[in-house]
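In the numbering used here, the protein residues as written are 22 to 507.
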Ligand code: NOJ
């Protein structure tokens, strides 16, 4: 599609997160995060690794940002580590000036290199002190501490950063803290079943309060959170149960953090109908009014879009039975069609189970978002692929030939162009995950998402095929001399 330019100001972005790339976990006054603790628990990561060093981007950020600039990447979406700014997390605890200075230097270097710095305030690395003290995001006490941290960051970087995210993938985060090893430190009265929903409530409250502060402080720019997941397609096209299962999937997976902000201001009706208030705290009418409209655009980590089916025991049997193993979601993800064919190329089977390469569904995915939660601007705030068996390869020429990832990016971006031109989707940026292999949470280094290979001994970054493919795609489609500031 050589004749389709991207809209003026379109962002060719990369995304990373503090825990996954920074390393230097004990340096310059940083406090420990819940993830620094989790990786030290037995079985905390499948390969036994920690992110103590990972890409050492804390010290090597100039290398990574300069490489981005050379590839034509015009924005980097990274996260700030809360525990570097407030080592103990709490509002009445000291600020770490070295942490403030570090991100200030890093932001300036981005600007100097022409790479727009985009900041996420929270990418899952809760200060450990707050988890130990009151159960982190399972306690409403977190809201005040988070707002205080956000205000400090806004004050420090306002004007230099103009696109902000409050939370990264809050739905995944709230599911994660209900599982081992995080589930030993839940707030009083919260258990593994209720934790995701109590957390969701506290996250929405924190997001809304931070956006309110952002607006009251007159911070220039735009703010939202990074949502994740997708609506999905009924597995059996004519099955009313599968069609209803898609709605359940939508409510629990993507509606939970879309409906309060971009929709009615309340939780999706299906969640309200399924979950008692002891699981899912209810919003008051005042809160519903406050929630609505607390985002300036819609950001989606749009990695894939798959089939959804009713659970084998049937929808009715599941919905009405709290002891059913599929309750309360009562739907299933299916990774092959009714004839048994895979939805798309599959990721590395040793490390990633949720992902498939499904660019054929991207237009549908974005159409669904725009139909359900209309907005004037969409960013694909992350997309990427875990190349099959890459971690098993030792020769560099085998590692850098990442053909499945390259195919994913190129077909996906072709569909993105069609979304813009044929479907009128207001897509204004895509952010590839990620600039270099990094610490993939509980999978450690066994899952690789980088467009550059990381040599863990020398910390050398080597571009893979996909890095050049992305660079060439955007060189061909970005409009020259267009600025990327909102
Ligand atoms: C989304 C998450 O935000 C990021 O932290 C993770 O590494 C990627 N998905 C890949 O799984």
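Note that the Cβ used here is the ideal one computed from N, Cα and C, for glycine as well.
Top-ranked residue by Cα proximity to residue i, from the options
i           : options            : result
residue 148 : 436, 96, 356, 53   : 53
residue 313 : 232, 321, 40       : 232
residue 426 : 320, 471, 197, 464 : 471
residue 230 : 309, 343, 412      : 309
residue 457 : 31, 60, 22, 78     : 78
residue 321 : 391, 422, 289      : 391
residue 157 : 365, 399, 353, 219 : 219
residue 295 : 361, 64, 200, 338  : 338
residue 239 : 380, 178, 190      : 178
residue 488 : 190, 245, 453      : 453
residue 136 : 264, 31, 459, 441  : 31
residue 86  : 59, 139, 114       : 139
residue 462 : 131, 497, 144      : 144
residue 132 : 82, 114, 120, 153  : 82
residue 56  : 374, 65, 445       : 65
residue 154 : 206, 328, 447      : 206
residue 333 : 118, 492, 422, 345 : 345
residue 224 : 429, 167, 146      : 167
residue 234 : 190, 285, 311      : 311
residue 341 : 291, 184, 381, 306 : 291
residue 302 : 260, 221, 492, 106 : 221
residue 319 : 184, 142, 119, 349 : 184
residue 268 : 118, 389, 29, 236  : 389
residue 142 : 38, 265, 273       : 38
residue 317 : 204, 397, 433, 84  : 397
residue 416 : 443, 475, 198      : 475
residue 22  : 480, 484, 433      : 433
residue 130 : 116, 146, 161, 84  : 84
Residue i and residue j closer than 8 Å at C-beta
i           : j           : result
residue 36  : residue 98  : yes
residue 335 : residue 249 : no
residue 128 : residue 182 : yes
residue 408 : residue 358 : no
residue 188 : residue 247 : yes
residue 164 : residue 227 : yes
residue 343 : residue 399 : no
residue 159 : residue 196 : no
residue 257 : residue 208 : no
residue 468 : residue 386 : no
residue 62  : residue 255 : no
residue 383 : residue 422 : no
residue 186 : residue 245 : yes
residue 41  : residue 490 : no
residue 403 : residue 283 : no
residue 486 : residue 473 : no
residue 315 : residue 34  : no
residue 76  : residue 123 : no
residue 498 : residue 25  : yes
residue 352 : residue 270 : yes
residue 289 : residue 276 : yes
residue 27  : residue 350 : no
residue 251 : residue 326 : yes
residue 106 : residue 117 : yes
Residue i Cβ short of 7 Å to ligand 1 heavy atom set
i           : result
residue 470 : yes
residue 76  : no
residue 322 : yes
residue 38  : yes
residue 189 : yes
residue 454 : yes
residue 408 : no
residue 405 : yes
residue 118 : no
residue 461 : yes
residue 41  : yes
Supposed contact pair residue j and residue i - C-beta distance, whole angstroms, cut 8 Å
i           : j           : result
residue 465 : residue 67  : 6 Å
residue 90  : residue 44  : Not really, about 22 Å apart at Cβ, beyond 8 Å.
residue 93  : residue 151 : Actually they do not touch by this definition, with Cβ atoms about 40 Å apart.
residue 420 : residue 411 : 6 Å
residue 379 : residue 355 : Not confirmed; about 12 Å, so no contact.
residue 328 : residue 242 : Rounded, the Cβ-Cβ distance is 38 Å, inconsistent with contact.
residue 278 : residue 192 : 6 Å
residue 455 : residue 446 : Not quite, the Cβ-Cβ distance comes to about 24 Å (not below 8 Å), so this is no contact.
residue 108 : residue 51  : 6 Å
residue 494 : residue 431 : 7 Å
residue 366 : residue 381 : Contact flag wrong, Cβ pair sits at about 11 Å.
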